[in-house]
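Comments concern the structure below.
2 protein chains.
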Amino acid sequence: MFIEIDFNSEEAFYIQLRNQIIIGIATNQFQEGDTLPSVRQLADSVGINMHTVNKAYSVLKQEGFIRLDRRKGAVIALDANKLHAMEELQENLRVVLARAVCKGVAEEEVHQMVSEIFREMS
Amino acid sequence: MFIEIDFNSEEAFYIQLRNQIIIGIATNQFQEGDTLPSVRQLADSVGINMHTVNKAYSVLKQEGFIRLDRRKGAVIALDANKLHAMEELQENLRVVLARAVCKGVAEEEVHQMVSEIFREMS
DNA sequence: TCTTTTGTTATATCCATAATATAACAACTG
DNA sequence: CAGTTGTTATATTATGGATATAACAAAAGA
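So the protein sequences, as listed, match chains H and P.
Residue 25 in the working numbering sits at position 25 of the first sequence, with consecutive numbering throughout.
Quick note, the working numbering runs 1000 ahead of the 1-based positions in the second sequence.
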């Protein structure tokens, strides 16, 4: 899987890493039990500091996407708290969809886009 | 329309204001041509600084949701750049849906939630 | 065993951003 | 004229993002 940093983005580096890894899990490029690169290794390969990668991993652990093993490192391990995920999804969608609606995006267009994204991820 | 600040939220005050106003527009609580409270007035009523409200308004203008009129103040005025809105929507959905998918949320559940949010907003 | 790599923790610094506090000015309102 | 408006400027404080070293215990490989 290719992970890279957009140094011109306004998004924090550790957020970019987190999002890319989450998308990697959703697209099955990372699977349950797979190990992520070591913090030093990933930091080196994308050109940022070790602690920034460490922060991304810490957030991913705190949010229930990986497990930090003393011997194996960062291991993909989902604690699927679906109730919590649904609440988070709803709050996120409320803002994201409101923005789109204001700009004239229709409901059918959103449904189509959702379907397309699921197609990409399956 | 009720605007309020969650002082315990991790979200920046000006982002909270921005999102609530956008949701207000999407739900027709604010309509094209309506004026928002003056920066001093809104700052006073929600208990934050004038400049924080000013920043929220500046962002809303920059993102094409309001127009800043010398005499009327902040006026709801949408420049509906739909192409841009669709691109932004897609990028946002990619991350938001990936998070949900990892936690076991199914495509139908997303479609249902989208429909429900559109029902709330119409 | 020795060496290397690993995760982890602890400081420290630098910079940008968020939020606040005054202040001032031009323009509009009553 | 007095009050309110948007706007701009400056300054301060606090927080968060990113980096730089450094150190240590545990695991892995030779």
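Each residue gets a CB set at the ideal place from its N, CA and C atoms; glycine is no exception.
Would you mind reading off the limits of the beta strand (DSSP E) that contains residue i?
| i | result |
| --- | --- |
| Ala1074 (chain P) | Gly1073 to Ile1076 |
| Asp1069 (chain P) | Ile1066 to Asp1069 |
Does the distance from the CB of residue i to the CB of residue j come in under 7 Å?
| i | j | result |
| --- | --- | --- |
| Leu1163 (chain P) | Ile117 (chain H) | Outside the displayed span of chain P (1001 to 1122) sits residue 1163 (chain P), for which this structure offers no information. |
| Val1053 (chain P) | Val1075 (chain P) | no |
| Leu1060 (chain P) | Arg1018 (chain P) | yes |
| Lys82 (chain H) | Ala1085 (chain P) | no |
| Ala26 (chain H) | Val1101 (chain P) | yes |
| Glu1001 (chain P) | Gln1029 (chain P) | Residue identity differs from the one stated: residue 1001 (chain P) is Met in this sequence, not Glu. Yes, they are a contact pair. |
| Val110 (chain H) | Val1096 (chain P) | no |
| Ile1005 (chain P) | Gln1016 (chain P) | yes |
| Gly64 (chain H) | Asp79 (chain H) | yes |
In chain H, which residues lie with their C-beta within 7 Å of the C-beta of residue i?
| i | result |
| --- | --- |
| Asn1019 (chain P) | Val95 |
| Met1001 (chain P) | Those within 7 Å of Met1001 (chain P) in chain H number zero; the least Cβ separation is about 13 Å. |
| His1111 (chain P) | His111 and Val114 |
Quick test of your reading: residue i and residue j, contact by CB under 8 Å. State the CB separation rounded to the nearest angstrom.
| i | j | result |
| --- | --- | --- |
| Arg1067 (chain P) | Ala1077 (chain P) | 4 Å |
| Leu1042 (chain P) | Gly1073 (chain P) | At roughly 10 Å, the Cβ-Cβ gap does not stay under 8 Å, so Leu1042 (chain P) and Gly1073 (chain P) are not in contact. |
How far does the alpha helix (DSSP H) with residue i in it reach, from first residue to last?
| i | result |
| --- | --- |
| Asn28 (chain H) | Here Asn28 (chain H) belongs to no alpha helix (DSSP H), and DSSP marks it neither H nor E. |
| Asn124 (chain H) | Missing from the structure shown is residue 124 (chain H); chain H here goes from 1 to 122 and no further. |
| Ser115 (chain H) | Glu107 to Met121 |
| Ala100 (chain H) | Lys82 to Cys102 |
Applying a beta-carbon distance threshold of less than 8 Å, which residues of chain P neighbour residue i?
| i | result |
| --- | --- |
| Glu127 (chain H) | This structure leaves residue 127 (chain H) out entirely; chain H is present only between 1 and 122. |
| Lys103 (chain H) | Gly1064, Leu1078, Ala1080, Asn1081, Lys1082, His1084 and Ala1085 |
Which residues in chain H have a C-beta closer than 9 Å to the C-beta of residue i? List them in chain order.
| i | result |
| --- | --- |
| Ala1098 (chain P) | Asn19, Ile22, Ile23, Gly24, Ile25, Ala26, Thr27, Ile117 and Met121 |
Near-chain P residues of the segment 76-91 of chain H (beta-carbon distance less than 8 Å), N- to C-terminal order
Leu78, Ala80, Asn81, Lys82, His84, Ala85, Met86, Glu88, Leu89 and Gln90
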